[in-house]
Structures are given as C-alpha cells and as structure tokens.
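Chains as they are written, first to last, in the working numbering: chain A, 1 to 361; chain B, 1001 to 1159.
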C-alpha cells in the first residue's frame, strides 16, 4: 500500500483548480507568484531554524550552552534577532557611493535566490526543470561575487574593500575545482539536468555507485563550497579579528540582514546541490536486489530524504566552521592551486576513464 | 620522486589532523555533560568559582584582629594603576624607639585591574586575592575600601 498523497499531486490539484477558476494566463501568473512566495518562505524559515541550530551546535562543540535566555532553551533567539534587524535603521555612510551601496545587498540576495530555481525538492517539485541545471547553478552562484565587490567598493572603507577583494580572489579560485567536482558526476550520469541526475541515481546514489572518483569529488566539492560560502575556515572575507566584518562592515539593519540571509541561502543551495548530485536528491536509499529494504525506504517521502541529506551536509559545514582555525590568504590559495585543482583535474581524467569503461556500479 | 611522496604525505597529514580536530568537537557535541557554562543568576547557590580566580584584594585578619602587613608600601610601589594607598603612622615602642606602622590600607577597587602584582610583591604574604566577583555598587565612593579592620594591629613575630 503506497501513500496516496504526494506533493506532486497537491501541486497538480492546485494547478487544475486555478485553471478552472481563472483564465489560463492569469492562473500561470498566480502559480509563479505562489511558487516564488513558497520558496522565499521556505528559505527564510530554514534560515531562522539554521541560525538557531548553528548557534546551539557551536555552543555544544565548544563546551558552551549557546543561546539559553530567549524562550525555552533559547528557541526564540533567532526570531528575536530577526525582529531587531527589521526595526533597525539602515545607515548609509556619508562618503559612500550611495546607489551602489544600496543596490549591493539586493544583488547578492537576488543571485542567491536565483540559484534555487532548478533544485528538485521532491518528485516533480521543481520550479524549472531546465536541461542545464547543474551548469546554471554554478554559473549563477558565481555572480554573487559582483554584489560582494560592489558592497566592499561602495562602502569607501578599507576593511570593506580588503574583505571584498579577498572574497573575490577566493570565490574565483575555488569555483574551478567546485565545477570540476560536479563534472565527474555529470560525466557518469550523462546529463546536466537536475532531474536527470536524480533519476540516474534510482538504483543507488552516485557516492556509492561511482566509488573512488565520486568520493574524491564529494570531498572536493564540500571543501570548495565551504570556501565559496566565505564561511570559516575560509572566512577571510569577514575575518572578525582582522577586518571587523569585511565587506558588510558598513551595513546595518535590513541591508545587513540581506547579506546574512544570502549567506545562509547560498549555504542551503550548495548543500542541496551536494545532496542532489552526490547523495541522490529525493531518491530513497536503494540497494539493488534487496526488495524488502527498497520497499520500506520508498515509504519515506522524497522530501524527507532530500531535507535529511541537505541537513547532513549543512551539519558537516557547521562542524567544519566550529572546529578549524582560519587559513591565511597564502594558505588559502596554496590549498586551491597546489592541492585541490591538480587533484580534481586528475580525478576528472580518472572519472572519464571509468565512465567510458562503464566501471561504475 | 621524493617530492611526489611529500605532496601526498602533506595531503594525508592534513586530512588526518583535521579529522582529529573534528573528532574532538564531535565528542564534545555528544557529551553535553562536559559543558562548562554556568547559568549564573539562577545557580547562585551552587555557583562554583575556581579558587585561583582573582576577584578582589583582601587583607586577612586572624581571630585576634591581627594582620601581617608591616606597612612597607612595596605593594603600593608595585601597583601599575595606583589603586593602592598605604597610610602609615609612627608609634613609640615600649623601649622608646619610633616605629612605622600601618594606619590605613586604602584600596581603590574601581582602579584595580586584578593583575595580582601586589600579592606577588608582598614580602610578608599579608594580602591575597579573594574570588568574590559581585562588586557592583550604586555609589562610586563605596569602591574605595579600607582593608585593615579598625583596631587591628600587626601580628607580632614568632619568638
């Protein structure tokens, strides 16, 4: 007996109801708005949840308690912070480039929301099943550096500029090995579309099927995505002890909150990409041959699988942040150009050979 | 060949040391009993302050209201902030000699940085650091304290 209600059927029911009530064009417009609102609500809710979870995990990892005062076990702390940021004034420094200063947070936020477009949350739940999904995500997420550079330059502050320049150097260099890590799986599944990659993992996730090259690619991707997110141990762009807050030093109130939100959105998107590409997206855990286990796993809805995997990657990133000390800028570039990039180039060759010979499971 | 070996050794060493660090924080994560944070105002009765916490300078007196301070002012000279003022008086001993004696041991808590140099410098070990920490008062004058109790005198040297 299969569960009869799935998210796909709910969305189809809404679609047919809207089409029966409104003109098809109007119904399409309403659907676009609804989908956008749903994604924004999801991201904001997840960001609030994640801020709280991260502060709590950080506390426990460092023998502290984390937030404890606002609400039982500090559960309302993140909500209180959001309220505070909403009520604060957005200051613009006198000698800043005012237009760029105000546009920069929007650029960063829009870019990070745009990367959510091709992500498949569950079977059929996808905003746009574009046939170059993985390429789209890597291309769009690299645009966020423009917003960061705008923020750093227009603040007219040496700390902001230094932070933005570091962030630029970091994102530009780490994108290379991040892209090469994704190419490994793209070669094996033979498609760039997110739904195609998920479908290719119906009989096993790539991290299991693709063995050595995919495991290397997964480790590389997690390292590079941590670096692209400007999170510790790669948080040179913010580096509290050196640059006060890096590129968002001069921002306050909601403008600061938008940088913060986009950082967390990028974190979700990259975790979702890692979960989709390497860990099978919304596909349940299947072992070929064991039908009992496979049927049992099918009962767990795809959205639970997807968010479970996403939270696993998020936990890894949080774990890195609160364990490792910050790298120096030369160590950062050395790690990328002397270790990650050569290793991932050789890994792509190796993976191409394995994909050609069909030696994956 | 050696350089290639060194290259892969560096990767291996990097991953193994990072893994060690992650295991430590992971261990702390799953052992919440090791948490050191104390929830202060709630646990005031069971609060544990480490013995060596430097809270405030005190001049211990024994049961006969006697202390060990000779009024040599070495602590006053050693204090980097000038938060100590030793006021001495001269008294006549029964033998008819004039002798300096401690009159008032003035301690400005508001100036003190709790560096503990006065305690290190004291030749008599007369003063020590207390581990009390709730020093806030509504009037700044209350932060200036006289540490020797009224009527106290120097403990006579053991014969």
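Every residue gets a Cβ at the ideal spot worked out from N, C-alpha and C, and that includes glycine.
All values reported here derive from a predicted model rather than from experimental measurement.
According to DSSP, residues forming a beta bridge with residue i
i              : result
residue 362/A  : Chain A is shown from 1 up to 361; residue 362/A falls before or after that span and cannot be answered.
residue 954/B  : Outside the shown range of chain B (1001 to 1159) lies residue 954/B, about which nothing can therefore be said.
residue 1084/B : 1107/B
residue 1044/B : Per DSSP, none; premise fails for residue 1044/B.
residue 1056/B : 1130/B
residue 984/B  : Outside the modelled stretch of chain B, which goes from 1001 to 1159, sits residue 984/B, for which no answer is possible.
Nearest-angstrom beta carbon gap, residue j and residue i [assumed within contact, 8 Å]
i              : j              : result
residue 1136/B : residue 1066/B : Rounded, the Cβ-Cβ distance is 31 Å, inconsistent with contact.
residue 152/A  : residue 193/A  : Incorrect: roughly 35 Å between the Cβ atoms, too far for contact.
residue 347/A  : residue 184/A  : 6 Å
residue 101/A  : residue 92/A   : 6 Å
residue 154/A  : residue 97/A   : 4 Å
residue 1126/B : residue 1059/B : 6 Å
residue 271/A  : residue 317/A  : 7 Å
residue 1070/B : residue 1143/B : Residue 1070/B to residue 1143/B, Cβ: 26 Å. No contact.
residue 18/A   : residue 125/A  : Their Cβ separation, rounded to whole angstroms, is 17 Å, which puts residue 18/A and residue 125/A out of contact at 8 Å.
residue 280/A  : residue 201/A  : 4 Å
residue 1111/B : residue 1056/B : Actually they are not in contact, since the Cβ atoms of residue 1111/B and residue 1056/B sit about 13 Å apart, beyond 8 Å.
residue 310/A  : residue 275/A  : 5 Å
residue 354/A  : residue 213/A  : 6 Å
residue 150/A  : residue 104/A  : 4 Å
residue 127/A  : residue 43/A   : About 12 Å separates the two Cβ atoms, so there is no contact after all.
residue 228/A  : residue 174/A  : 5 Å
residue 269/A  : residue 112/A  : 7 Å
residue 361/A  : residue 204/A  : 6 Å
residue 41/A   : residue 257/A  : 16 Å between Cβ atoms; not a contact.
residue 1103/B : residue 1087/B : 5 Å
residue 362/A  : residue 181/A  : Residue 362/A cannot be examined here, being either before or after the span of chain A that is shown, 1 to 361.
residue 163/A  : residue 247/A  : 4 Å
residue 157/A  : residue 249/A  : 6 Å
Open item on the list: Would you call the stretch 1034-1053 of chain B in contact with the stretch 330-345 of chain A, where contact means no fewer than 3 C-beta pairs closer than 8 Å?
Closed with: no
Task: Selection of the stretch 304-324 of chain A by Cβ proximity to chain B, strictly under 8 Å - done: 319, 320, 322, 323 and 324
TODO: Counting only runs of 4+ residues fully inside the stretch 39-91 of chain A, write out the alpha helix (DSSP H) ranges in chain order.
DONE: 77-87
Open item on the list: If the cut-off is 8 Å on Cβ atoms, which residues from the stretch 61-77 of chain A count as contacting chain B, listed in chain order?
Closed with: 61, 62, 63, 64, 65 and 68
Open item on the list: Taking contact to mean 3 or more Cβ pairs, one atom from each stretch, closer than 8 Å, check whether the stretch 1078-1085 of chain B and the stretch 1116-1134 of chain B are in contact.
Closed with: yes
Task: Residues in the stretch 1022-1052 of chain B having any Cβ partner in chain A nearer than 8 Å - done: 1022, 1024, 1025, 1026, 1028, 1029, 1032, 1034, 1035, 1036, 1037 and 1039
- [ ] May I ask you to verify whether the stretch 72-87 of chain A touches the stretch 305-324 of chain A, counting CB pairs closer than 8 Å and requiring at least 3?
- [x] no
Task: Under 8 Å (Cβ pairs) to chain B, residues found in the stretch 322-352 of chain A - done: 322, 323, 324, 339 and 343
TODO: Could I get the ranges of all uninterrupted beta strand (DSSP E) runs contained in the stretch 1095-1157 of chain B, with 3 residues as the minimum, in chain order?
DONE: 1098-1108, 1128-1130 and 1144-1146
Task: Touch test, the stretch 228-240 of chain A against the stretch 320-333 of chain A, Cβ-Cβ under 8 Å, three pairs minimum - done: yes
Task: Members of the stretch 1004-1020 of chain B that neighbour chain A once the beta carbon cut-off is set at 7 Å - done: 1011 and 1018
Open item on the list: At 4 residues or longer, what runs of the alpha helix (DSSP H) sit wholly inside the stretch 154-192 of chain A?
Closed with: 158-189
- [ ] May I ask you to verify whether the stretch 235-246 of chain A touches the stretch 161-172 of chain A, counting CB pairs closer than 8 Å and requiring at least 3?
- [x] yes
TODO: Please confirm if the stretch 50-60 of chain A is in contact with the stretch 109-123 of chain A, defined as three or more CB-CB distances below 8 Å between the two stretches.
DONE: no
Task: the stretch 41-48 of chain A / the stretch 251-270 of chain A touching (three or more Cβ pairs under 8 Å) - done: yes
Task: Any 3 or more C-beta pairs closer than 8 Å across the stretch 136-145 of chain A and the stretch 292-302 of chain A - done: no
Task: Three CB pairs or more closer than 8 Å across the stretch 1012-1021 of chain B and the stretch 1086-1093 of chain B - done: no
Task: chain B contacts from the stretch 27-52 of chain A (Cβ-Cβ distance under 7 Å) - done: none
Task: Cβ-based contacts, 9 Å cut-off: residues of the stretch 85-98 of chain A near chain B - done: none
Task: Uninterrupted alpha helix (DSSP H) stretches inside the stretch 198-225 of chain A (no shorter than 4 residues) - done: 206-209
- [ ] Anything in the stretch 162-177 of chain A with a Cβ closer than 9 Å to a Cβ of chain B? List those residues in chain order, please.
- [x] none
TODO: With 7 Å as the C-beta to C-beta threshold (strictly closer), list the residues of the stretch 217-239 of chain A near chain B in chain order.
DONE: none
Task: Whole alpha helix (DSSP H) elements within the stretch 288-357 of chain A, 4-residue minimum - done: 291-299, 302-321, 329-334 and 341-357
Open item on the list: Can you pull out the residues from the stretch 238-255 of chain A whose beta carbon lies closer than 9 Å to at least one beta carbon of chain B?
Closed with: none
Task: the stretch 179-212 of chain A: positions lying closer than 8 Å to chain B by Cβ - done: none
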